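Trainee: Numbering (the UniProt record's numbering), first residue to last: 1 to 217.
Here it is, the structure, as structure tokens.
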Amino acid sequence: MTEHRHQLTEDEAAAMFEPSGWDERYADQEKFWSGDPNPQLVAEAAELTPGSALDVGCGEGGDVIWLARQGWRVTGADFSVNGLARAAWHTEKAGIADRVDWWRVDARVFAAAGRSYDLVTSHYLHAPDGGMVDVTRRLATAVTPGGHLLVVGHAPSEEFTQLAASQRRAMFLAEDLLPGLPEDFEALVVEQRPRKLTRDGTTVNAHDSTLLARRRP
């Protein structure tokens, strides 16, 4: 759930928390997102030594492509079949498909299943009714010792008052996610960062809730 292009009814908003809703949305138009990497990913991952990365909620693959171009071996994960298909097409077009794997998974029931990554990241993935604390806990299990977890989402703001109530309830502050960090993690960044975004052709000021944490070796 992020920069929606029209006001959704509660039923439409509820569908945006399910794979079928995003499959329909991705099938509806050729390109939904800008394809640019998310700014907090660039700000934080640019300072890290490339290794293995997992991007959960990868959508059309903009962050996957950026990470791969920085030298990371990336797994793009999403619960939308159509989203993953688009992301795969974009990585082929970008010429970095050999550095990328794909994983269809719902972040709400995510389990690392023995996989581990030097960087696990999620951008603007919003689980309903405060569910991002549990999502953060689940994602943390996939971080290798010494690795990093970066979770970014929309902070509650007056700019989003026109959204459906379920969408507004899914937003969070960075500090809200701290209970989801296991004991062997240390929080490095816990803040709301200002960002300009374009919604329905209008540029507005918003804030990215940004949590960066490191798993102790």
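Note that CB positions come from ideal geometry on N, CA and C, so glycine has one too.
All values reported here derive from a predicted model rather than from experimental measurement.
Beta-carbon within less than 8 Å of T203's beta-carbon, same chain only, minus the 5 sequence neighbours each way: which residues are those?
Mentor: Locating residue 203 in the sequence shown gives position 203, counting from the first residue. Cβ within range, chain order: K196 and L197.
Trainee: Use the C-beta contact count for G57: other C-beta atoms within 10 angstroms, 16 or more gives buried, fewer gives exposed.
Mentor: Locating residue 57 in the sequence shown gives position 57, where the first residue counts as 1. Buried, since its Cβ has 16 or more Cβ neighbours within 10 Å.
Trainee: Which residues in the same chain as D101 place their Cβ atom closer than 6 Å to its Cβ, once the five residues preceding and following it in sequence are excluded?
Mentor: As a working note, residue 101 is residue 101 in the sequence shown. Excluding positions up to five away in sequence, the list reads T75.
Trainee: Under the assumption that A140 contacts G114 (Cβ atoms under 8 Å), give the Cβ distance between them as a whole number of angstroms.
Mentor: In the sequence shown, the residue the question calls residue 140 occupies position 140. In the sequence shown, the residue the question calls residue 114 occupies position 114. Wrong, their Cβ atoms sit about 15 Å apart, outside the cutoff.
Trainee: Starting from H154, trace the beta strand (DSSP E) in both directions and tell me its first and last residue.
Mentor: Start at 1 with the first residue of the sequence shown, and residue 154 comes out as number 154. Looking at the DSSP string, the run of the beta strand (DSSP E) that includes H154 is V143 to H154.
Trainee: With DSSP as the reference, label P179 as helix, strand or coil.
Mentor: Start at 1 with the first residue of the sequence shown, and residue 179 comes out as number 179. P179 falls in the helix class under three-state DSSP.
Trainee: From E186 to R214, what distance separates their C-alpha atoms?
Mentor: Within the sequence shown, numbered from 1, the residue matching residue 186 stands at position 186. Within the sequence shown, numbered from 1, the residue matching residue 214 stands at position 214. The alpha-carbon atoms of E186 and R214 are separated by roughly 5 Å.
Trainee: Specify, as a first and last residue, the run of the beta strand (DSSP E) that D208 falls within.
Mentor: Start at 1 with the first residue of the sequence shown, and residue 208 comes out as number 208. Per DSSP, D208 belongs to the beta strand (DSSP E) from T202 to R215.
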